[in-house]
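Counting from 1, position 47 in the sequence shown corresponds to residue 88 in my numbering; the numbering is continuous, with no gaps.
C-beta atoms are modelled at their ideal positions from N, C-alpha and C, and glycine is treated no differently.
A quick note: this is a predicted structure, and the numbers were derived from the prediction, not measured.
Working notes for the structure below.
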Amino acid sequence: MEKGRLIVISGFSGAGKGTVVKKLLEKYNYSLSISATTRAPREGEVDGREYYFKTVDEFRTLIDYNGLIEWAQYVDNFYGTPRKFVEEEIAAGKNVILEIEVQGAMNIKSQYPNAILIFITTKDIKTLHERLSSRGTETPDVIAKRIARAAEEAESMEAYEFIVVNDDLDTCVDAVNSIVVSEECKKENNTQFLIDIKKELEDYSKTV
Ligand code: 5GP
């Protein structure tokens with residue numbers, strides 16, 4: 042069986058990545074990595090569903106035991122991708138979505154060169170600010186910090202192979218899936234298939 046690949050989805054906080062990922066999972070066949078974080082749960086978030094919520098000590102232990110394939114500090118908290126789930130899923134041929142920030146994405150690309158890096162953005166910063174404020178879960182101070190972080194992240198957008206504007210949700214979700222499908226169809230990702238089908242044709246032509 043072909044191995045699955047990692048689909049890294051990053052984007053400004055408030056660009057609607059979470060909604061895009063949720064819709065991708067509903068509409069298409071992906072599996073989702075659930076990260077560990079030291080951030081406090083937001084209202085309605087459940088341990089093991091949105092995140093594995095950890096203390097700083099627990100998080101450090103995960104790092105010490107090589108339990109994370111990458112981790113990063115974002116604003117005032119730590120976030121990391123648990124190793125076991127990702128390795129099992131890609132070995133089983135599943136495409137795994139990692140919704141992670143830029144430092145983590147760069148780290149993944151160096152470890153998994155065939156990972157697909159996609160950056161989701163709003164069409165402008167005004168929309169970003171509006172979405173962050175209307176979420177009602179962050180204080181003005183945190184919103185300001187997240188917009189400041191977005192400015193830093195914009196610098197790293199260049200490192201992503203794909204930039205998708207999330208203006209209309211369905212269009213954005215379909216665009217992300219199309220990127221993955223076309224990546225899978227590239228000839229360099231089908232070398233074994235090409236060898237096999239040529240061999241089959243050769244064998245077939247001998248029989249007629
Ligand atoms: P939030 O606090 O809004 O849930 O997430 C803050 C940021 O952390 C987002 O940009 C999100 O994509 C990123 N993030 C979530 N999980 C991980 C992870 O496992 N690793 C890294 N590097 N970033 C993560």
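query: Option nearest ALA195 by Cα separation, candidates ALA56, GLY85 and LEU139; result: ALA56
query: Start-to-end residues for the alpha helix (DSSP H) that takes in SER74; result: Here SER74 belongs to no alpha helix (DSSP H), and DSSP marks it neither H nor E.
query: Touch test, the region 185-204 against the region 103-123, Cβ-Cβ under 8 Å, three pairs minimum; result: yes
query: Three-state secondary structure (DSSP) of ALA113; result: strand
query: The region 99-112 contacting the region 120-137, beta-carbon criterion three pairs below 8 Å; result: yes
query: Reduced DSSP secondary structure (H/G/I, E/B, other) of ASP98; result: helix
query: ASN148 beta carbon less than 9 Å from that of SER72; result: no
query: GLY85 beta carbon near ligand 1 (any heavy atom closer than 8 Å); result: no
query: Member of ALA77, GLU99 and THR96 whose CA lies at the smallest distance from the CA of GLY89; result: ALA77
query: VAL49 - containing beta strand (DSSP E), residue span; result: 47-52
query: Option nearest GLU250 by Cα separation, candidates ASN155, PHE94 and VAL206; result: Nothing can be reported for residue 250, as the shown portion of the chain is limited to 42 through 249.
query: Under the three-state DSSP convention, the category VAL87 falls into; result: coil
query: Reduced DSSP category for TYR153 - H, G, I as helix; E, B as strand; rest coil; result: coil
query: VAL61 beta carbon less than 9 Å from that of VAL217; result: yes
query: Neighbour-count burial assignment, ALA192, 16 or more Cβ in a 10 Å radius; result: exposed
query: Close-in-space but distant-in-sequence residues of the same chain around ARG46 (CB under 6 Å, 5 per side omitted); result: ASN136 and ASN155
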